[in-house]
Amino acid sequence: MMASLRHLRFYSAFSALTLALAVAHAQPKVSTPSGPIDFEEYDPVSTLKTPEHKLTRAKYPFIDVHNHQYEMDAADLRTLVAQMDSLNMGIMVNLSGRGFTSNVAESTNFLDKTLANVQKAYPKRLAIFTNINFANLGEPSWTEKAVKLLEDDIKKGAKGLKIYKSLGFNVKDTQGKRVQVDDPRLDPIWAKCGQLGVPVLIHTADPKPFWDPMDRFNERWLELKTHPGRKRSDDNPISWQQLLVEQHNVFRKHPKTTFINAHMGWYPNDLVKLDSLMQVFPNMMVEIGAVIAELGRQPRASRKFFEKHQDRILFGKDSWVPSEYATYFRVLETDDEYFPYHKKYHAFWRMYGMALPDEVLKKVYYKNALRIIPGLDKSQFPQ
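In structure tokens form, the structure reads like this:
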């Protein structure tokens, strides 16, 4: 009797073990990381279910006032315009009219070829801004030559002037000194743009976190890790605050010149401050290139700002990556919630739509640009 009982218990235990092994073998194997997940690797799929409106075309034809095309002097522009058509982009403003060379004759030749190529192929779809060559600043008559060259470029067909962030960062004069954004030797250039009625799109500084300590409190930490050359300090070459003070001095000294402050003047994350600047500088416009992530995380405040300053905000993108325009369209046009941005190192947070009213949207997309940039074709845009 005892032997039978022991046999039964052994058989039951063996059966249970066999069943457990079989069940375990039948379960799908789940891969678990061997160690902690880095922040760069963490990319969870949201379980949130909300209405989605993934846009690939703008609701209205739009003007991108902040773009860079570096081979427009000789490129077949049909491919570019086809991409523009797919986005519903009516006009692209290429801000790199003179290319990158520091040789004035070479850059003039580049601009001439670019303007000729555009005029031959798509004069109604592409607009060119010229640039200032700061080499040899400090030589006698440098300012007069620069003003004359600017005037010639506008007569040839350039629609405005683009100033790169190198002014204030690494532009030096013939004495080796940093050229401030508000250097008085540049005043005749800003004044001439006002006289000619052409805008100045000016990029000064970079996001403030680039100057902040690169620690766990810096929300641009990932960008600085992946792009270490963007890290700055107060003596590399100057503080963020000082750069913007210099830029604002230019706006203040030249009230008759229209300035388009690139990247919303690096205050898209402080719209109260930007609102105060809009009131102080009525000649300052702003464009939204590369800062849609800031607007998309504060949709209610952003919409109020856009409604208040609807006559002074322009559409811009900066880098030419056609697929990334979808984020801009979705933030501006829809009321979608909690959707991803297209570059994690720019923004690890999610976006929300502003659902701008149509009249505001039209102004941002094209009406404001048509008003301040001379010579753009208006026929392809709604009233």
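Read in order, the letters of the sequence shown correspond to residues -26 to -1, 1 to 357 in mature numbering (1 follows the signal peptide of the UniProt record, and there is no 0).
The beta-carbon is built from N, C-alpha and C at its ideal position, and this holds for glycine as well.
Since the structure is predicted, the reported quantities are computational estimates derived from the model, not experimental observations.
Cβ neighbour criterion (16 or more within 10 Å) applied to residue i
{"i": "residue 22", "result": "exposed"}
{"i": "residue 226", "result": "exposed"}
{"i": "residue 68", "result": "buried"}
{"i": "residue 342", "result": "buried"}
{"i": "residue 197", "result": "buried"}
{"i": "residue 24", "result": "exposed"}
{"i": "residue 16", "result": "exposed"}
{"i": "residue 155", "result": "buried"}
{"i": "residue 351", "result": "exposed"}
{"i": "residue 20", "result": "exposed"}
{"i": "residue 11", "result": "exposed"}
{"i": "residue 332", "result": "exposed"}
{"i": "residue 292", "result": "buried"}
{"i": "residue 302", "result": "buried"}
{"i": "residue 157", "result": "buried"}
{"i": "residue 382", "result": "One cannot answer for residue 382 here, as it falls past the ends of the chain, which runs -26 to 357."}
{"i": "residue 74", "result": "exposed"}
{"i": "residue 43", "result": "buried"}
{"i": "residue 353", "result": "exposed"}
Distance between residue j and residue i (C-alpha atoms, nearest Å)
{"i": "residue 93", "j": "residue 66", "result": "14 Å"}
{"i": "residue 191", "j": "residue 184", "result": "12 Å"}
{"i": "residue 362", "j": "residue 26", "result": "The first residue shown for the chain is -26 and the last is 357, placing residue 362 beyond what the model contains."}
{"i": "residue 346", "j": "residue 232", "result": "8 Å"}
{"i": "residue 240", "j": "residue 83", "result": "34 Å"}
{"i": "residue 312", "j": "residue 304", "result": "11 Å"}
{"i": "residue 210", "j": "residue 217", "result": "11 Å"}
{"i": "residue 355", "j": "residue 256", "result": "26 Å"}
{"i": "residue 135", "j": "residue 124", "result": "8 Å"}
{"i": "residue 309", "j": "residue 170", "result": "41 Å"}
{"i": "residue 271", "j": "residue 186", "result": "21 Å"}
{"i": "residue 109", "j": "residue 250", "result": "35 Å"}
{"i": "residue 121", "j": "residue 237", "result": "26 Å"}
{"i": "residue 95", "j": "residue 201", "result": "37 Å"}
{"i": "residue 72", "j": "residue 137", "result": "11 Å"}
{"i": "residue 259", "j": "residue 113", "result": "33 Å"}
{"i": "residue 4", "j": "residue 14", "result": "The predicted position of residue 4 is uncertain, since its pLDDT is 47 and thus under 50; no value can be drawn from it."}
{"i": "residue 279", "j": "residue 115", "result": "44 Å"}
{"i": "residue 195", "j": "residue 117", "result": "40 Å"}
{"i": "residue 18", "j": "residue 329", "result": "26 Å"}
{"i": "residue 254", "j": "residue 223", "result": "11 Å"}
{"i": "residue 159", "j": "residue 151", "result": "13 Å"}
{"i": "residue 212", "j": "residue 57", "result": "40 Å"}
{"i": "residue 31", "j": "residue 63", "result": "8 Å"}
{"i": "residue 320", "j": "residue 199", "result": "11 Å"}
{"i": "residue 318", "j": "residue 119", "result": "44 Å"}
{"i": "residue 54", "j": "residue 168", "result": "31 Å"}
{"i": "residue 205", "j": "residue 357", "result": "45 Å"}
{"i": "residue 324", "j": "residue 189", "result": "22 Å"}
{"i": "residue 282", "j": "residue 104", "result": "31 Å"}
Option nearest residue i by Cα separation, candidates the options
{"i": "residue 234", "options": "327, 185, 172, 74", "result": "172"}
{"i": "residue 207", "options": "199, 40, 194, 182", "result": "182"}
{"i": "residue 33", "options": "357, 317, 307, 328", "result": "307"}
{"i": "residue 52", "options": "292, 29, 99, 10", "result": "99"}
{"i": "residue 263", "options": "282, 295, 281", "result": "295"}
{"i": "residue 60", "options": "137, 36, 109, 269", "result": "36"}
{"i": "residue 166", "options": "330, 319, 126", "result": "126"}
{"i": "residue 252", "options": "229, 265, 271", "result": "229"}
{"i": "residue 128", "options": "116, 85, 13", "result": "85"}
{"i": "residue 29", "options": "300, 329, 318", "result": "300"}
{"i": "residue 349", "options": "63, 97, 290, 161", "result": "97"}
{"i": "residue 193", "options": "290, 322, 317", "result": "322"}
{"i": "residue 265", "options": "282, 290, 188", "result": "290"}
Contact belief for residue i with residue j at Cβ below 8 Å, rounded distance in angstroms
{"i": "residue 180", "j": "residue 130", "result": "Incorrect: roughly 32 Å between the Cβ atoms, too far for contact."}
{"i": "residue 267", "j": "residue 326", "result": "Not quite, the Cβ-Cβ distance comes to about 11 Å (not below 8 Å), so this is no contact."}
{"i": "residue 215", "j": "residue 176", "result": "Not a contact, Cβ separation roughly 17 Å."}
{"i": "residue 178", "j": "residue 142", "result": "6 Å"}
{"i": "residue 39", "j": "residue 261", "result": "6 Å"}
{"i": "residue 163", "j": "residue 133", "result": "The Cβ separation is near 16 Å, so there is no contact."}
{"i": "residue 111", "j": "residue 153", "result": "6 Å"}
Cβ of residue i within 7 Å of any chain E Cβ
{"i": "residue 214", "result": "This model lacks chain E altogether, as it is built from one protein chain only."}
Touch test, the segment 42 to 52 against the segment 85 to 99, Cβ-Cβ under 8 Å, three pairs minimum: By the Cβ test, the segment 42 to 52 is in contact with the segment 85 to 99, since at least three Cβ pairs between them sit closer than 8 Å.
Touch test, the segment 271 to 288 against the segment 242 to 251, Cβ-Cβ under 8 Å, three pairs minimum: Three or more beta-carbon pairs separated by less than 8 Å link the segment 271 to 288 to the segment 242 to 251, which places the two stretches in contact.
Cβ contact check for the segment 331 to 339 and the segment 277 to 290: 3 or more pairs under 8 Å: The segment 331 to 339 makes contact with the segment 277 to 290; the number of CB pairs closer than 8 Å reaches 3 or more.
Given 8 Å, three or more beta-carbon pairs between the segment 139 to 157 and the segment 72 to 84: In the pairwise beta carbon analysis, the segment 139 to 157 is classified as not touching the segment 72 to 84: fewer than three pairs are separated by under 8 Å.
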